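The next block holds one structure in the form of structure tokens; read it before the comments.
In the working numbering, the protein residues as written are 1 to 835.
Here it is as structure tokens:
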């Protein structure tokens with residue numbers, strides 16, 4: 001009998017660990033999937049908002065557990081976990097259905113504020129119930145906390161990796177439904193962990209919780225049926241508003257998601273060919289069968305019907321993006337970002353016999369090679385090969401060199417349709433990236449880049465030229481302007497960057513082609529630029545001169561680097577203090593998009609602040625009233641600093657590793673995986689190596705700060721050295737780099753709780769809430785700091801938080817020692833005799 005009981009107890013324990021691991025895996029998967037969804041329906045610069053709101057929801061759920069600790073009794077743990085997990089599953093399915101019906105525009109209005117608030121609540125609701133589950137499991141279970149933490153961490157780590165698989169198998173909304181089904185299965189596991197079936201309280205009780213528990217099997221079945229049925233139909237859960245436009249399913253001939261993006265291909269149409277910058281001399285009668293290939297609903301490229309006869313694509317000779325091919329004797333070429341294949345076709349049309357297309361998204365290559373191979377014969381062309389890889393990494397690894405490398409309106413996050421409406425980083429438009437590309441050119445080779453142009457404005461074109469000049473200076477060019485030629489057509493500008501000074505015959509060919517096609521020449525080695533700003537940039541011969549040339553302009557035209565890789569965000573935050581800046585809101589180009597994005601960021605900060613105040617700060621305020629000054633002030637400062645510091649470091653590393661790994665989703669998965677894993681190990685280590693003395697506290701605080709503060713000094717050269725490594729090695733390096741930071745930061749929270757607990761356990765909920773609230777708000781501050789001052793500054797601010805945390809830690813330790821002495825004195829025999 002005893003042996004049977006032991007086996008039963010062991011089985012219940014395993015069910016508990018399995019259930020907790022499934023919940024934490026689902027939590028991380030949901031967070032990453034939401035960033036993928038929001039990049040489709042809105043913009044990728046809001047990925048930080050998902051992190052912020054997820055943390056808010058988790059913290060709010062944990063706070064409820066603390067505030068209602070009398071409600072959650074140990075003997076009801078299995079039932080409480082089952083009910084909370086069922087609520088998590090139902091909230092996940094319900095939230096995605098409501099979320100996709102909301103129209104979250106970017107106009108500065110009260111309606112927009114309300115819409116974004118509802119959107120935030122939809123995202124936060126599932127994470128709230130996850131917070132309840134995890135908090136109950138960690139604080140109420142009878143099992144060793146080390147093993148409970150282990151199950152938590154293994155689950156979360158598995159979720160970070162598993163989400164990449166599920167996004168490659170189904171759509172973003174469908175993936176959320178499958179996550180809901182996974183959560184529901186976790187509820188059954190929690191119920192199984194309770195042993196014999198439990199009745200909920202009194203037999204006649206009709207509370208929502210009791211009904212959820214009694215119908216748990218039906219709820220699980222319902223979640224599974226919903227996920228399966230949605231997968232089997234083309235009319236299931238799908239976005240209805242994409243980038244502020246209503247979307248209907250019938251407009252797409254093809255629709256597929258993966259961890260990189262969502263790719264749609266439209267129905268075919270016979271119409272004027274889709275061109276980036278067409279010459280006025282393009283015959284107006286020209287028509288072509290074509291489809292529109294859209295990336296995340298915002299970046300479009302044409303997929304032409306092509307039977308293998310290149311002369312049928314003669315209209316491409318009239319596009320300004322192909323101006324570089326007027327230079328004779330170009331034989332080998334590479335294209336960064338294949339899209340619908342127009343640049344690959346252009347290189348072959350102009351006589352390049354060996355063309356390599358480098359494309360990060362395998363779906364796009366599958367479209368060209370298989371799905372629409374009968375529509376376009378591009379993959380069958382002689383001399384054309386495709387590489388599925390991130391461009392920087394591939395060019396770093398390949399030994400090949402080229403006569404021409406083309407990059408036309410390419411964004412790693414695909415949101416060109418908003419006129420640079422982004423606050424996110426981009427690793428293709430930095431000095432380090434362009435040095436890599438120029439390094440793969442033959443001596444007479446050229447790099448041709450096309451970006452949006454606003455007639456009469458410098459904006460994005462100015463930054464493009466600034467980036468080219470900085471790159472040439474770093475490569476040792478004595479006169480950068482001799483390497484540059486810039487021409488425009490309509491709202492597109494094409495910059496040609498030659499590895500060597502442009503030869504007279506090549507310059508004559510470029511001028512002749514520009515004149516024949518009525519392209520406007522903005523930069524040429526032998527003439528002054530019509531724009532004074534462009535002229536001042538292109539005449540700079542060193543970086544200080546370039547800095548002086550760009551310093552006075554109202555837009556940020558400084559060349560982006562890997563430490564500040566925000567090419568598309570040109571709004572100087574300092575200019576927002578100037579009332580006249582809003583008069584430029586209607587100007588053509590990037591400024592309006594940047595301003596709207598910044599105002600959206602400010603609005604989301606306000607929403608986060610309001611939600612934090614309403615659900616965390618205000619409800620928990622009474623718990624700190626009875627604490628003494630030292631505990632209240634010291635504890636609040638301590639937990640605010642570690643909460644803000646952790647989030648500043650996390651966001652900065654996400655941004656830095658996004659450039660290194662080549663895509664934000666990879667960075668999100670790998671960085672979260674690493675930080676969760678190592679921080680958890682640090683928390684466990686704090687039990688074996690407690691910081692129980694002033695010396696240990698000071699050493700921990702200093703070590704944490706020094707390691708993070710030193711990262712900007714040695715990490716960039718290391719990342720540059722391994723830029724050409726394969727993804728597995730680069731991800732492994734990220735894990736190792738984050739290990740010391742995670743381990744050290746993992747000591748922070750449990751140490752603070754122990755320090756506060758030696759004085760009083762009453763304010764614990766307040767400190768938990770302050771920690772979460774600081775993290776929520778710091779996520780937004782970190783984004784602004786990185787854009788304005790660079791990622792390295794954000795890291796150093798995070799390091800400063802951990803350095804400063806030593807002060808309130810000492811206050812708490814001193815107060816704790818005083819409290820212990822007082823308690824010992826009160827219990828001593830002499831004190832009792834005196835009484």
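Note that the Cβ used here is the ideal one computed from N, Cα and C, for glycine as well.
None of these values were measured; they are calculated from a predicted model.
| Query | Result |
| --- | --- |
| Please state whether DSSP places residue 252 in a helix, a strand or coil. | strand |
| If you draw a straight line from the alpha carbon of residue 678 to that of residue 650, how long is it in whole angstroms? | 13 Å |
| Mind pulling the beta strand (DSSP E) runs of 3 or more residues that sit fully within the region 769-828? | none |
| Give the secondary structure of residue 445 by DSSP, where H, G and I count as helix, E and B as strand, and everything else as coil. | strand |
| Give the list of continuous beta strand (DSSP E) stretches no shorter than 3 residues that lie fully inside the region 330-354. | 332-336 |
| Just confirm the distance between the C-beta atoms of residue 355 and residue 344, as a whole number of angstroms; I'd bet it's less than 8 Å. | 6 Å |
| Give me the Cβ distance between residue 742 and residue 682, rounded to the nearest whole Å; I'm assuming they're in contact under 8 Å. | 6 Å |
| Are at least three pairs of beta-carbons, each pair with one atom in the region 370-377 and one in the region 392-400, less than 8 Å apart? | no |
| Residue 525 to residue 275, Cα distance in whole Å? | 27 Å |
| Apply the 10 Å Cβ neighbour rule to residue 618 and answer buried if 16 or more other Cβ atoms are within range, or exposed otherwise. | exposed |
| Which of the three DSSP states, helix, strand or coil, is assigned to residue 197? | Note that residue 197 scores a pLDDT of 49, beneath 50, so its modelled location is shaky and nothing firm can be said. |
| On the CB-based measure, 16 or more other CB atoms within 10 Å of its CB, does residue 208 come out buried or exposed? | exposed |
| If we call anything under 8 Å between Cβ atoms a contact, is residue 521 one with residue 446? | no |
| If we ignore side chains and look at the alpha-carbon of each, how far apart do residue 766 and residue 173 end up? | 36 Å |
| Take residue 632 as the anchor and find which of 687, 566, 755 has the nearest alpha-carbon. | 755 |
| Between residue 72 and residue 140, which are expected to be in contact by the criterion C-beta below 8 Å, what is the C-beta distance as a whole number of angstroms? | 6 Å |
| Can you have a look at residue 270 and say buried or exposed, based on whether 16 or more other CB atoms are within 10 angstroms of its CB? | exposed |
| Assuming contact is defined by CB atoms lying nearer than 8 Å, are residue 879 and residue 293 in contact in what I supplied? | This structure does not reach residue 879, given that the chain is present from 1 up to 835, and the question cannot be answered. |
| Spell out a yes or no on whether the region 500-511 and the region 452-463 are touching, meaning 3 or more CB-CB pairs, one atom from each, closer than 8 Å. | no |
| If you count every other CB in all the chains shown that lies within 10 Å of the CB of residue 530, and 16 or more means buried, which is it? | exposed |
| How far does the beta strand (DSSP E) with residue 520 in it extend, from its first residue to its last? | 520-523 |
| In terms of residues, what are the limits of the alpha helix (DSSP H) holding residue 508? | 504-516 |
| With H, G and I counted as helix, E and B as strand and the rest as coil, what does DSSP make of residue 573? | helix |
| So what does DSSP say about residue 69, is it helix, strand or coil? | coil |
| Enumerated in chain order, which unbroken segments of the alpha helix (DSSP H) with a length of 4 residues or greater are wholly contained in the region 213-254? | 216-232 |
| What's the gap between the Cα of residue 91 and the Cα of residue 126? | 5 Å |
| Look up residue 260 in the DSSP assignment and say whether it is helix, strand or coil. | coil |
| What three-state label does DSSP hand residue 409 in the structure shown? | coil |
| Check this for me: beta carbons of residue 100 and residue 240, under 8 Å apart or not? | yes |
| Given a cut-off of 8 Å, decide if residue 124 and residue 190 are closer than it, judged by their beta-carbon atoms. | no |
| Quick test of your reading: residue 809 and residue 697, contact by CB under 8 Å. State the CB separation rounded to the nearest angstrom. | 5 Å |
| For residue 271, report the span of its beta strand (DSSP E) as first-last. | 269-271 |
| If you follow the beta strand (DSSP E) that residue 292 is part of, which residue opens it and which one closes it? | 288-295 |
| So, residue 770 versus residue 643, is the Cβ gap smaller than 8 Å? | yes |
| Tell me the DSSP bridge mates of residue 487? | 494, 521 |
| Should residue 252 go down as buried or exposed, given a rule of 16 or more other Cβ atoms within 10 Å for buried? | buried |
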